[in-house]
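Numbering (my numbering), first residue to last: 13 to 286. C-beta: ideal position from N, C-alpha, C; glycine also. Working notes, structure below.
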DNA sequence: AACGCGCCCTGTCCGC
DNA sequence: TGCGGACAGGGCGCGT
């Protein structure tokens, strides 16, 4: 569920409220959200007494940076939420998997209805390895028209699938992949290496635009996404194709189509996207 | 070895 | 009203 804009919205709120606080106690209610080699006991013992220094994002991951370069890396999966208990909406979290009690009386809740999310603990070296597995940050200077063109040329998979691969570009999920392809006039089923240089350049620009616009609207809530205050995002009203099968294209009026690519829906206008 | 598929899990919605 | 099936912002491990 949460893609880059949703993770970024959460990170911005946490960054202004968490640094300086210390973890006093960790309680794990659903151990299946922990990384395979991470036990509840080890998570608790390594975080107990540690101070939060910063909160950052990499791709769709929310990263709590502790003293001594220790990082709690949170992948939200489809329904993961990170909410602090001082938010009025915190009481609505009914699927809390992990609770981090802080020394200031607050707690951080990791809530996850479907429990597809994953919490991992990484030291400096372990984080370096994880970071290297992830692709370009689409909002960074390194994500240039040339860099996207170079990547698309080397792949035969449909461009929608290409955009979802976190090893190439980190942070794009199904909503923003479909929205950016609509804006760029490229059909989701097009093989990546058939995307022209000019189209790759437009796709790069539109991807950055749609991600930034969504961040400005605090992300997209279809049903489950909530920010760090437990509030919904406001970008859903600006979606042009995602989840709009049968509705008229905002440009030409043709009904939007839905197709399934590797078990996931893709949405497009058959006239505007070639 | 890049790519597609099935699966993890809970909740909601739709047709019968 | 109940029941079964399809579907949902993701990602891993497996086969080919």
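- Close Cβ partners of residue 115 (< 7 Å) along its chain, the five nearest in sequence each way excluded: Contacts found: 33, 34, 36.
- Query: Would you call the segment 160-173 and the segment 224-244 touching, i.e. three or more CB-CB distances under 8 Å?
  - Reply: no
- Task: Measuring alpha carbon to alpha carbon, tell me which of 226, 24, 190 ends up nearest residue 271.
- Result: 190
- Can you give the Cα-Cα distance for residue 195 and residue 186, rounded to whole angstroms? Whole-angstrom Cα-Cα distance: 14 Å.
- Given residue 139, which residues of its chain have a CB within under 6 Å of its CB, disregarding the five upstream and five downstream residues? Excluding positions up to five away in sequence, the list reads 83.
- Taking DSSP as the reference, what is the three-state secondary structure of residue 52? In the three-state scheme derived from DSSP, where H, G and I count as helix and E and B as strand, residue 52 is classed as helix.
- Return the CA-CA distance between residue 183 and residue 177, expressed in angstroms with no decimal places. When only Cα atoms are considered, residue 183 and residue 177 end up about 9 Å apart.
- Query: Considering only residues of the same chain and omitting the five flanking positions on each side of residue 134, which have a CB-CB separation below 7 Å?
  - Reply: In the same chain as residue 134, and ignoring 5 residues on each side of it, the C-beta atoms closer than 7 Å to its own belong to 83, 85, 142, in chain order.
- Query: Would residue 275 be called buried (16 or more neighbouring beta carbons within 10 Å of its own) or exposed?
  - Reply: exposed
- Since residue 130 sits in a beta bridge, which residues does DSSP pair it with? 87
- Have a look at 60, 172, 136, 39 and flag the residue whose alpha-carbon is nearest the alpha-carbon of residue 52. 39
- Task: Can you check DSSP and say which residues form a bridge with residue 181?
- Result: 148
- Message: Could you pull the DSSP bridge partners for residue 119 from this structure?
- Response: 113
- Query: Which one of 250, 286, 281, 255 has the shortest CA to CA distance from residue 265?
  - Reply: 281
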